[in-house]
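Here is the structure we will look at, set down as structure tokens.
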Amino acid sequence: MYELKTKETDSSVIECIENIEGLKKRQDAYTLLDIFTETTGYEAKMWGPSIIGFGAYHYKYESGHEGDAPLVGFSPRKAKISLYFAPGDTKREGWLKDLGKHTTGKACVYINKVADIDVGILKSLITQSVKFLRETYPKD
504 MYELKTKETD SSVIECIENI EGLKKRQDAY TLLDIFTETT GYEAKMWGPS IIGFGAYHYK
564 YESGHEGDAP LVGFSPRKAK ISLYFAPGDT KREGWLKDLG KHTTGKACVY INKVADIDVG
624 ILKSLITQSV KFLRETYPKD
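Given below as structure tokens:
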């Protein structure tokens with residue numbers, strides 16, 4: 504049976520951030536930690552070795568695949584910072600056009616640094632993502 508690699512862990516968020524190479528990337532990680540914590544109201548938790556997630560939801564697809572994931576999160580990776588928002592939310596694209604310098608993948612938004620983006624738009628993306636996931640996957 505398939506087992507999810509990205510699970511909530513007891514690892515320290517602060518320790519993860521402190522182990523980031525480069526002072527500027529570390530400062531950006533602390534800035535994002537503050538933004539995500541303030542915007543969601545959730546305590547940051549480690550998901551796997553490198554994703555800092557906020558809140559959680561349980562999903563179940565029509566295929567029967569199910570699991571748990573953070574509502575939103577970020578990962579301060581070496582090359583770029585990955586921002587995690589709700590996959591499948593059609594409203595995301597509207598916000599992204601005003602976010603600032605970024606690229607996108609299937610479920611991630613990649614930024615080089617916080618200074619490249621509009622923090623107000625980031626907060627709107629976080630809020631919308633949490634709202635979308637709470638509506639799509641209500642707690643039983």
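Counting in the working numbering, the sequence shown runs from 504 upward without gaps. Ideal Cβ positions, reconstructed from N, Cα and C, are used throughout, including at glycine. Just so we're clear, the structure is a prediction, and the values are computed from it rather than from any experiment.
Between the Cα of residue i and the Cα atoms of the options, which residue gives the shortest distance?
i	options	result
I520	K563, K510, G570, F577	F577
S627	P552, A618, R595	R595
P552	I614, I584, S515, V612	S515
L602	K642, E569, N615, K609	N615
G525	L574, K581, K604	K581
K527	L636, D619, R637, Q631	D619
G608	K583, N522, T630	K583
T540	K642, I629, I523	I629
E546	W598, T606, D513	D513
Starting from the C-beta of residue i, find all residues in its chain whose C-beta is less than 7 angstroms away, skip the five residues before and the five after it, and write them out in chain order.
i	result
I538	V622, L625, K626
Y562	E569, G570, A572, Y640
E638	none
Could you check where the beta strand (DSSP E) with residue i kicks off and where it finishes?
i	result
V612	611–614
Short of 6 angstroms in beta carbon distance, which residues of its chain neighbour residue i, apart from the five on each side in sequence? Order them along the chain.
i	result
S511	It should be pointed out that residue 511 corresponds to Glu in this sequence rather than to Ser. So the list reads K548, W550, once near-sequence residues are dropped.
L586	F577, V612
F635	A589, D592
V617	D531, T534
K604	D619
Assuming residue i is part of the alpha helix (DSSP H), what are its boundary residues?
i	result
I624	622–639
G597	595–599
Around the Cβ of residue i, are there at least 16 other Cβ atoms within 10 angstroms (buried) or fewer (exposed)?
i	result
A532	buried
I517	exposed
T593	exposed
S566	exposed
G556	buried
T543	buried
K558	Note that residue 558 is Gly in the sequence shown here, rather than Lys. Result: buried.
With a threshold of 8 angstroms on Cβ separation, who are the neighbours of residue i within its own chain once the five nearest residues in sequence on each side are excluded?
i	result
S632	L574, V575, F588, A589, D592, R595
T509	W550, G551, I554, A572
Subject >> Every unbroken alpha helix (DSSP H) inside the region 510–588 [4 residues or more] >> reply: 516–521, 526–543
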